[in-house]
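In terms of my numbering, the sequence shown is residues 3 to 184.
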Amino acid sequence: MKRTAAIVLAISLVGLWIASAGAQGNVMLYFDPWGSVGSKDCPPIPSMIDSAYVYAKNFDMWLSAVEYKVDYPPQMIWLSEVPTSDLTIGNTRDGIAQAWQYPQNAFTSLKLVKIVFAWNCTTCGTQDIPILVNVNPHTGGLTAIRWPDNAIIPGVGMVSLICATVSTDVTSWGKIKALYNQ
């Protein structure tokens with residue numbers, strides 16, 4: 003009997019450990035409306051108007067509010083934004099808090115805001131220019147509010163890149179094939 007209880011307890015603890023090891027909720031800026039492209043090069047046309055999107059991902063809950071800030075580099079001139087929330091305090095440039103009348107499904111990717119900006123560059127003279135989603139400077143938090151218990155859930159700000167470095171190396175097909183023949 004003791005052995006069976008020990009086995010059940012061990013399986014339960016492993017299950018809890020696996021459940022707690024899930025990905026942490028994050029907020030990130032993307033350059034496409036579907037939330038999949040996290041980097042982009044400077045366009046060849048100076049001052050071109052473009053758009054970006056901020057998404058909440060991996061929160062795995064019903065979300066009723068979120069707060070964060072986007073640190074824009076000098077290569078992006080923030081012009082305006084269109085939030086998806088019913089109530090918005092602030093903006094992504096200075097710190098934003100968003101809330102919805104009805105909870106939003108954050109079990110999948112949740113679009114938070116569409117940003118309209120102008121490019122302030124024409125070439126990628128500098129590589130790996132970061133666009134960081136950070137804590138709201140007015141509250142000190144990058145958090146989400148879970149519905150229905152209104153628990154405060156910490157989030158992680160992710161980094162997008164302008165002019166991302168693509169690693170390359172000069173080689174031959176023979177050397178590549180040799181990697182797979184080992």
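Using N, Cα and C, we set each Cβ at its ideal position, and we do this for glycine too.
Just curious, the beta strand (DSSP E) that G157 is in, first and last residue? The residue you call residue 157 lines up with position 155 of the sequence shown. Premise fails: G157 is in no beta strand (DSSP E) and is neither H nor E.
Length of the line joining the Cα atoms of T110 and K59: What you label residue 110 is simply residue 108 of the sequence shown in a count that begins at 1. What you label residue 59 is simply residue 57 of the sequence shown in a count that begins at 1. Answer to the nearest angstrom: the Cα atoms are 7 Å apart.
Bounding residues of the beta strand (DSSP E) (the contiguous stretch that carries G176): The residue labelled residue 176 in the question sits at position 174 within the sequence shown. Here G176 belongs to no beta strand (DSSP E); instead the alpha helix (DSSP H) covers 175 to 182.
Can you tell me the Cα-Cα spacing of I91 and V172, whole angstroms? Residue mapping note: residue 91 aligns to position 89 of the sequence shown, counting from 1. Residue mapping note: residue 172 aligns to position 170 of the sequence shown, counting from 1. So the two alpha carbons sit approximately 51 Å from each other.
Residues that DSSP places opposite P97 in a beta bridge: What you label residue 97 is simply residue 95 of the sequence shown in a count that begins at 1. Sequence check: residue 97 is Gly here, not Pro. Partner(s): N93.
DSSP state of M30 mapped onto helix, strand, coil: One-based indexing of the sequence shown puts residue 30 at position 28. M30: strand per DSSP, three-state reduction.
Taking only the alpha-carbon atoms, compute the straight-line gap between I20 and L114 and give it to the nearest angstrom. As a working note, residue 20 is residue 18 in the sequence shown. As a working note, residue 114 is residue 112 in the sequence shown. Summary for I20: the model assigns pLDDT 47, below 50, so the residue's position carries little reliability; its value from the coordinates is reported in the next sentence. So the alpha carbons of these two residues sit roughly 29 Å apart.
Would you identify the three-state DSSP class for V72, choosing helix, strand or coil? Numbered from its first residue, the sequence shown carries residue 72 at position 70. Strand at V72.
Just to confirm, are N138 and Y182 a CB contact at a threshold of 8 Å? Walking along the sequence shown from the start, residue 138 turns up at place 136. Walking along the sequence shown from the start, residue 182 turns up at place 180. No.
Residue interval of the beta strand (DSSP E) (run including M78): The residue you call residue 78 lines up with position 76 of the sequence shown. It spans 78 to 85 - the beta strand (DSSP E) in which M78 sits, taken as one unbroken run.
Alpha carbon of I79 to alpha carbon of G176, nearest angstrom: Residue mapping note: residue 79 aligns to position 77 of the sequence shown, counting from 1. Residue mapping note: residue 176 aligns to position 174 of the sequence shown, counting from 1. Roughly 47 Å between the two C-alpha positions.
Cβ-based neighbour list, P105, same chain, cut-off 8 Å, excluding 5 preceding and 5 following: In the sequence shown, counting from the first residue as 1, residue 105 sits at position 103. Cβ within range, chain order: W64, L65, S66, W149, P150.
7 Å Cβ shell around T128 - same chain, five flanking residues per side excluded: Position 126 of the sequence shown holds residue 128. Within its own chain, the residues whose Cβ lies closer than 7 Å to the Cβ of T128, once the five positions on either side in sequence are excluded, are C165, listed in chain order.
Excluding the five sequence neighbours on either side, which residues of its own chain have a C-beta within less than 6 Å of the C-beta of A108, listed in chain order? Sequence index remark: in the sequence shown, residue 108 carries index 106 (1-based). So the qualifying residues of the chain are A58, F61, M63, L65.
Measure the C-alpha to C-alpha separation of G140 and I98 and round it to an integer number of angstroms. On the sequence shown, residue 140 is found 138 positions in, with the first residue counted as 1. On the sequence shown, residue 98 is found 96 positions in, with the first residue counted as 1. A small fix is needed here, since residue 140 is His in this sequence, not Gly. Using only the alpha carbons, I get a separation of about 9 Å.
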